[in-house]
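Asks: Sharing a structure here in structure tokens format.
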Amino acid sequence: MLHFVISVFTISSVSAGSPDNLRTSPEKLSMSQAVYSFPKERRFNMPPNITWRQQHLEAIEKNSRYRRNNKRKCKPVDKVLFLKTHKTGGSTITNILNRYGESKNLTFVLPRQAHLFTFLWPARFRLSYTAPLFDFGANILCNHARFNKRPMNYLFPKETSRYITILRDPTAQYESAFNFMHFANPLGFKDEDDPLGTFLKFTPPFQDIKPLMKQTLALHLVRNPMSFDLGLDYRYYQNRSAVERYLDFLDKEFDLVMIMEYFDESMVLLKRLLCWDMKDILYFKLNERQDKQKRKFISQEVRDDIKSWNKADFMLYQYFNRTFWRKVKAQGPSFQKELRIFRHKNNVMTRTCLQKGNFLDEAYTGVYVKGYSLKKNVPLIKRKVCEGMKKNEIAYVKYFREKMAKRLKQIEEPDEYLDDPKNNWEQADDFEHDPILSGEGTSSDRTLIMARPESTKGEQQNASRSRSGG
């Protein structure tokens, strides 16, 4: 039967007569073409024992089987380390990873301290900074951590894991970090009309800033913040050859360095790298500053000063911006088609889920950022997805901590053996208590040391006479 269906496909593709049909191989036929493209003169030229309905159903089955077998030639990746840099759109990617891990029941590497949401940043990542995994294995790490190759490779072996991070135009990133984290206060420029511009014109020696970092940890980002997150040491900030060597090192360590300015393109590259589905990378922007907190204009003079102060970050961005577009080009023409489909689906999801208006959400730093509110009429089948897409990392970390605690409890205290304080201990009688017996002779001759609680008074007297020989 199958051989006959294949032959009919071949005949229809060759003899239908149009140039399109001549160029279309049987394997590339759409379902509608596969079922309905038989030439009129041949539609009923088939063995009498095969009806048109049978032919129709078998064609659909073959087409569906072909699609299933060829839909995915890669295996979804479930071990991902995301090195989250500051003020680069990382919270949005963290949400994507959190949702995927939740849907697949994956294990997250979480900070050890219950009140923290980073791996003791700005210290370099160490295994001791993580909550115990108890042999569950590590699947995803996506909270702020400073890059440290050896312990990260231990948890996420390069052979089976994917390493990703994201960068942003250094001018916009530095302005965002400087104002979001209020650098002007500890640096003594808060009373200036333009704290950022004034600081860059009168930057104190970097060695004079370092002591302030002990009281204000965020000041570790006061110079080359993205390079710092990715592990570059202070002493190399002014050393061009050292920075170039470090960029080569990072290029070998990371499978994908995304670019915030091309976020949608980054998402499609991420989807293809991890072999995930389109629904897995849909997003709402998270942890975005309120409009009133954004600087409306950055003068060319300030731009030049930012570049002079953050030379390593500009080298970092330029290097990986080039590698990013090389990766996009290597994807071929199908990339742009998938990008258009992704943007359409993301817009549909936004219109389906979100109310219009200004809403706030609290970030892990305590600062209020843009938030979202769901429409009241969101279909039930979509509501859970919508809620997950707007959930920030604080809520997810708390959720995963509770989930890990439940997993441990199930191992340590199986439900069927738990001590129930409400249990009625008199309910069962198959293990009824028998008091200890004493005396010599066989067990049948032994007498009770004390009477059973249910014994009658007469039985107690008989037992007493028996002991006295009467």
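Mind the numbering: the sequence shown is residues -16 to -1, 1 to 454 in mature numbering (1 follows the signal peptide of the UniProt record, and there is no 0), read in order.
Ideal Cβ placement from N, Cα and C applies to all residues, glycine included.
Quick caveat: nothing in here was measured; it's all calculated off a predicted structure.
At what residues does the beta strand (DSSP E) containing Y267 begin and finish?
Replies: Indexing the sequence shown from 1 puts residue 267 at position 283. Y267 -> no beta strand (DSSP E), and no H or E assigned at all.
Asks: On the CB-based measure, 16 or more other CB atoms within 10 Å of its CB, does residue 478 come out buried or exposed?
Replies: No answer is possible for residue 478: the residues shown for the chain start at -16 and end at 454.
Asks: Consult DSSP for I124 and reduce its assignment to one of helix, strand or coil.
Replies: The sequence position of residue 124 within the sequence shown is 140, counting from 1. Strand, per DSSP.
Asks: How would you call Y221, buried or exposed, if buried means at least 16 neighbouring beta carbons within 10 angstroms?
Replies: Taking the first residue of the sequence shown as 1, we reach residue 221 at position 237. Y221 is buried by the Cβ-count criterion.
Asks: Within this structure, are the beta carbons of F281 and M373 separated by less than 8 Å?
Replies: Along the sequence shown, one-based indexing puts residue 281 at 297. Along the sequence shown, one-based indexing puts residue 373 at 389. No, these two residues do not count as a Cβ contact at 8 Å.
Asks: Can we say the segment 241 to 252 touches the segment 138 to 158, given the rule of at least three CB pairs closer than 8 Å?
Replies: yes
Asks: Quick check on S112: buried or exposed, where buried means 16 or more other Cβ atoms within 10 Å of its Cβ?
Replies: Taking the first residue of the sequence shown as position 1, residue 112 is located at position 128. Under this definition S112 is an exposed residue.
Asks: What three-state label does DSSP hand L111 in the structure shown?
Replies: For the purposes of this step, residue 111 is taken as the residue at position 127 of the sequence shown. In the structure shown, L111 sits in a helix (DSSP, three-state: H, G or I).
Asks: Do the segment 180 to 200 and the segment 88 to 104 make contact, defined as three or more Cβ pairs closer than 8 Å?
Replies: no
Asks: Have a look at D232, R110, S250 and flag the residue whose alpha-carbon is nearest the alpha-carbon of N132.
Replies: Sequence index remark: in the sequence shown, residue 132 carries index 148 (1-based). With distances taken between Cα atoms, N132 lies closest to R110.
Asks: Between which two residues does the alpha helix (DSSP H) harbouring T91 extend?
Replies: Reading the sequence shown from its first residue, position 107 is the one you call residue 91. That residue, T91, is in no alpha helix (DSSP H); it is neither H nor E in DSSP.
Asks: In whole angstroms, what is the alpha-carbon distance linking I420 and A379?
Replies: Taking the first residue of the sequence shown as 1, we reach residue 420 at position 436. Taking the first residue of the sequence shown as 1, we reach residue 379 at position 395. When rounded, the distance between both Cα atoms is 59 Å.
Asks: Can you grab the Cα-Cα spacing for the pair F173 / S160, in whole Å?
Replies: One-based indexing of the sequence shown puts residue 173 at position 189. One-based indexing of the sequence shown puts residue 160 at position 176. Using only the alpha carbons, I get a separation of about 16 Å.
Asks: What distance in whole Å lies between the Cβ atoms of K185 and D297, which are believed to be in contact at a cut-off of 8 Å?
Replies: By one-based count along the sequence shown, residue 297 stands at place 313. By one-based count along the sequence shown, residue 185 stands at place 201. No, D297 and K185 are not in contact; Cβ-Cβ is about 19 Å, not under 8 Å.
Asks: From what residue to what residue does the alpha helix (DSSP H) around M388 run?
Replies: Residue mapping note: residue 388 aligns to position 404 of the sequence shown, counting from 1. Unbroken alpha helix (DSSP H) run through M388: 377 to 396.
Asks: Spatial neighbours of P95 within its chain, please: CB distance less than 8 Å, with the 5 preceding and 5 following residues excluded, ordered by chain position.
Replies: Within the sequence shown, residue 95 is the residue found at index 111, counting from 1. The residues are F101, T102, F103, L104, Y113, T114, A115, N127, V381.
Asks: Do the segment 201 to 213 and the segment 59 to 75 meet, that is, are 3 or more Cβ pairs less than 8 Å apart?
Replies: yes
Asks: Can you find the residues in the same chain that come closer than 7 Å, C-beta to C-beta, to P135, ignoring five residues on each side of it along the sequence?
Replies: For the purposes of this step, residue 135 is taken as residue 151 along the sequence shown, with counting starting at 1. Contacts found: F109, R110, L111.
Asks: By the three-class DSSP mapping on this structure, what secondary structure does P419 have?
Replies: The count along the sequence shown starts at 1 and reaches residue 419 at position 435. In this structure, P419 counts as coil in the three-state DSSP scheme.
Asks: Please state whether DSSP places P179 in a helix, a strand or coil.
Replies: On the sequence shown, residue 179 is found 195 positions in, with the first residue counted as 1. It is helical.
Asks: V151 lies in the beta strand (DSSP E); which residues open and close that run?
Replies: Your numbering for residue 151 matches position 167 in the sequence shown. The question names Val, but residue 151 is Leu in the sequence shown. DSSP places L151 inside the beta strand (DSSP E), whose first and last residues are 146 to 151.
Asks: In the structure shown, what three-state DSSP assignment does S16 receive?
Replies: Here residue 16 refers to the residue found at position 32 of the sequence shown. Only weak support exists for where S16 lies, its pLDDT of 42 falling under 50; the coordinates are left without a value.
Asks: Checking 8 Å against the spacing of the C-beta atoms, do Y158 and N294 come in under that value?
Replies: Position 174 of the sequence shown holds residue 158. Position 310 of the sequence shown holds residue 294. Going by C-beta atoms, Y158 is nearer than 8 Å to N294.
Asks: Using a 10 Å radius around the Cβ and a threshold of 16 neighbouring Cβ atoms, would you call T84 buried or exposed?
Replies: Within the sequence shown, residue 84 is the residue found at index 100, counting from 1. According to the sequence provided, residue 84 is Tyr. The question's Thr does not apply to it. By the 16-neighbour rule on beta-carbons within 10 angstroms, Y84 is buried.
Asks: Counting Cβ pairs closer than 8 Å, one from the segment 310 to 318 and one from the segment 216 to 235, do we hit at least three?
Replies: no
Asks: Check the DSSP bridge columns for V64 and list the partner residues they point to.
Replies: By one-based count along the sequence shown, residue 64 stands at place 80. In DSSP, V64 forms a bridge with I124, R146.
Asks: Can you give me the Cβ contacts of D153 inside the same chain, cut-off strictly under 8 Å, excluding the 5 residues immediately before and after it?
Replies: Residue 153 sits at position 169 when you count from the first residue of the sequence shown. Answer for D153: M244, E245, Y301, listed in chain order.
Asks: Which residues does DSSP list as the beta-bridge partners of L358?
Replies: To locate residue 358, count along the sequence shown from 1; it is residue 374. DSSP output for L358 lists L338 as bridge partner(s).
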